[in-house]
Amino acid sequence: MRNTHPRSTRMTTASAAVVLGAALALAFPAAASAHVSVDPSTTAAGEYATLTFAIGHGCEGSPTESVRIDFPEEIGSVKPTAKAGWAVETAESGGVRSVTYTAEEPLPDELRDTVTVAALLPLDGEAGDVLSFPVTQACTDGQNVWDQAPEDGAEPEYPMPQLTLTAATGGGHAGHTGAGASDEHAEHAGGTGDAEAMEHRDDQARLVGTGGLIVGVLGVALAALSLRRRS
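Written out as structure tokens, the structure reads:
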């Protein structure tokens, strides 16, 4: 019969707790940066929103060369934001508009980046309506097509960015009509919305980082308790 010395058992438990705590702390921010996601400055129907699309990684290690975002017909207008280091072009086919950002230098897999597009959310949209934005991410070697919708609450392998509309505010931009008004408010959304979206992402990052730190501290505390019991 194999004997296990109590001290060795306690030391093994303590070491495992430290490793587990550190691993969980590192896992939180890693999960938060995965895939391609959208962060809207507003979700109110009939409002101009700055949609910030985050590119979390490449294609199985291959650098990202371009990102094409398809916008549903319900979107009233689309105006991409200029971004240093990226060329941008718009196109329309079959009622679906697309915006393509092409990197002057491929974006390495280990780095993330964001692109923003000002868009008029559906004027006749209702709270609860879901808007989907399929994204084609072309890389130096291969591509990722983010066009899968969740099924039964489970996230698919290549989920497409989505947002859920909320009720119209009543005092927003829905009453403005005409191309001039659209351009004016789209530019406004592209200016102030970027800062709001960035601030929102920073808040999320701080929350995720704090959660990971707490998990790590708990792991260290468990290890210290095990060592104290030994003595």
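Numbering (mature numbering (1 follows the signal peptide of the UniProt record, and there is no 0)), first residue to last: -34 to -1, 1 to 197. Even for Gly, the Cβ is constructed at its ideal location relative to N, Cα and C.
Residue i versus residue j - alpha carbon distance
| i | j | result |
| --- | --- | --- |
| Ile21 | Arg78 | 5 Å |
| Ala133 | Thr106 | 42 Å |
| Pro74 | Gly27 | 8 Å |
| Thr71 | Gly136 | A quick correction: the sequence has Glu, not Thr, at residue 71. Distance between the alpha carbons of Glu71 and Gly136: 44 Å. |
| Thr30 | Ala69 | 8 Å |
| Val2 | Val65 | 15 Å |
Three-way DSSP call (helix, strand, coil) for residue i in this model
| i | result |
| --- | --- |
| Thr68 | strand |
| Glu124 | Residue identity check: residue 124 is Tyr in the sequence provided, not Glu. In this structure, Tyr124 counts as coil in the three-state DSSP scheme. |
| Ala50 | coil |
| Pro6 | strand |
| Ala11 | coil |
| Thr135 | coil |
| Glu92 | coil |
Limits of the unbroken beta strand (DSSP E) element including residue i
| i | result |
| --- | --- |
| Gln114 | It is not in any beta strand (DSSP E) - Gln114 carries neither H nor E in the DSSP assignment. |
| Phe37 | 30 to 37 |
| Ser43 | Segment: none, Ser43 is in no beta strand (DSSP E) and carries neither H nor E. |
| Asp79 | 79 to 86 |
| Cys105 | 101 to 105 |
| Leu97 | 96 to 98 |
Supposed contact pair residue j and residue i - C-beta distance, whole angstroms, cut 8 Å
| i | j | result |
| --- | --- | --- |
| Phe19 | Thr80 | 6 Å |
| Pro88 | Gly60 | So it is not a contact: roughly 18 Å between Cβ atoms. |
| Val44 | Arg63 | 5 Å |
Short CB-CB distance (under 8 Å) between residue i and chain D
| i | result |
| --- | --- |
| Tyr124 | Judged by its chain identifiers, the structure shown contains no chain D, having just a single protein chain. |
Open item on the list: Quick test of the definition: if touching needs 3 or more C-beta pairs under 8 Å, does the stretch 43 to 61 touch the stretch 107 to 125?
Closed with: no
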